[in-house]
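Read through the structure below, which is laid out as structure tokens, and then see the notes.
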Amino acid sequence: MRVNINISGVSLKLIFILIVAVTSFLLGLVTGYSLGRTITPTTSTTTPTPSELTDITTENITTIRVSIGKTVTTDTWKLTVLEVNETRVVEAIGYLQAKRGHKIIVIKIRIENTGLSRGVPFSINLNPGQLSYPVLITDTGKVYYLYDYDDLVFSFNLKGLEHIEVPSKEVIENALDIEYFSFNAVVEEGEYHEGHIWTVIPENEKPLKLVITYYPPLHKSLLRIEIIILHE
183 MRVNINISGV SLKLIFILIV AVTSFLLGLV TGYSLGRTIT PTTSTTTPTP SELTDITTEN
243 ITTIRVSIGK TVTTDTWKLT VLEVNETRVV EAIGYLQAKR GHKIIVIKIR IENTGLSRGV
303 PFSINLNPGQ LSYPVLITDT GKVYYLYDYD DLVFSFNLKG LEHIEVPSKE VIENALDIEY
363 FSFNAVVEEG EYHEGHIWTV IPENEKPLKL VITYYPPLHK SLLRIEIIIL HE
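Numbered according to our numbering, the sequence shown terminates at residue 414, and the numbering increases by one at each position without gaps.
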């Protein structure tokens, strides 16, 4: 008995799509890619210790992990986290206090311009040669934006923070003085900008690390900078 098989244009198209999908899947298994995520082997160049700098390189990004006090150098900037403090009260534009169940994290940083011209180190526009605004990651994995001195003006409505209209003697004596720092500051060639950035987190969380991304000139991998605060 003879059977005639009629393959329409639509059927051929479906078969072609199926072949492409299967081929892509097989290639993914070989190259390290699978549906829904990317698997890229990472290589640690050193064994992490609290005092060492650690490089981890993947295909598109290099991660540098350093401790407080260590300097990270990029093409145009040197970045150092000098100290990290936890407090209940700060003094800047008046006195600010963490509400019950919260605490204020104050981080002192220094950014030095090692480039050939003046520039603004931080940007939200992902411009080559600039750093992203820093974020704080806690031991729970939550991410918190950090604020500069200029943001104090808008901080009165920040969750977990309140303004003290009439500070007591105890508040005045124990308040941490916030040193001026602006993400928008222009830093001259060979000069540096130093001061405090800060945020508010729940009292039961611990600051784990500060994360900043450096966007290099074209054809270079991104640089993810992690300043380790809490060593696990």
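Idealized CB from N, CA, C, for every residue including glycine. All figures in this text were calculated on a predicted structure; none of them were measured in a lab.
If you follow the alpha helix (DSSP H) that residue i is in, where does it begin and where does it stop?
i           : result
residue 351 : 351-356
Do you know how far the Cα of residue j is from the Cα of residue i?
i           : j           : result
residue 341 : residue 398 : 35 Å
residue 327 : residue 262 : 18 Å
residue 277 : residue 243 : 41 Å
residue 251 : residue 380 : 17 Å
residue 373 : residue 383 : 32 Å
residue 285 : residue 256 : 32 Å
residue 176 : residue 347 : Examination of residue 176 is not possible in this model, given that the chain is present from 183 through 414 alone.
residue 308 : residue 351 : 45 Å
residue 217 : residue 266 : Legend: pLDDT at residue 217 = 33, less than 50; position of this residue unreliable, no value from coordinates given.
residue 253 : residue 260 : 6 Å
residue 287 : residue 281 : 13 Å
residue 333 : residue 402 : 33 Å
residue 272 : residue 406 : 30 Å
residue 343 : residue 394 : 24 Å
residue 294 : residue 311 : 13 Å
residue 329 : residue 290 : 12 Å
residue 249 : residue 292 : 14 Å
Starting from the Cα of residue i, find the closest Cα among the options and give me that residue.
i           : options            : result
residue 410 : 317, 352, 349      : 317
residue 387 : 328, 323, 394      : 323
residue 349 : 267, 274, 260, 253 : 274
residue 353 : 270, 301, 403      : 270
residue 331 : 310, 367, 305      : 367
residue 182 : 314, 304, 279, 369 : Limits of the chain in this structure are 183 at one end and 414 at the other, which puts residue 182 out of reach.
residue 377 : 385, 362, 369, 371 : 362
residue 364 : 301, 310, 405      : 301
Under DSSP, the beta strand (DSSP E) around residue i begins and ends at which residues?
i           : result
residue 399 : No beta strand (DSSP E) holds residue 399; DSSP gives it neither H nor E.
residue 274 : 271-274
residue 242 : Per DSSP, residue 242 belongs to no beta strand (DSSP E) and is neither H nor E.
residue 377 : 374-384
residue 406 : 404-410
residue 413 : Taken as a continuous stretch (DSSP letters only), residue 413 belongs to no beta strand (DSSP E), as it is neither H nor E.
residue 288 : 284-295
residue 258 : Counting along the chain, residue 258 falls outside any beta strand (DSSP E), and DSSP gives it neither H nor E.
residue 346 : 343-346
Which term fits residue i, buried or exposed, when burial requires 16 or more other beta carbons within 10 angstroms of its beta carbon?
i           : result
residue 392 : buried
residue 359 : exposed
residue 389 : buried
residue 296 : exposed
residue 400 : exposed
residue 304 : buried
residue 306 : exposed
residue 370 : exposed
residue 247 : buried
residue 413 : exposed
residue 264 : exposed
| task | Entirely within the region 304-337 and at least 3 residues each: give me those beta strand (DSSP E) ranges in chain order. | result | 317-320, 325-327
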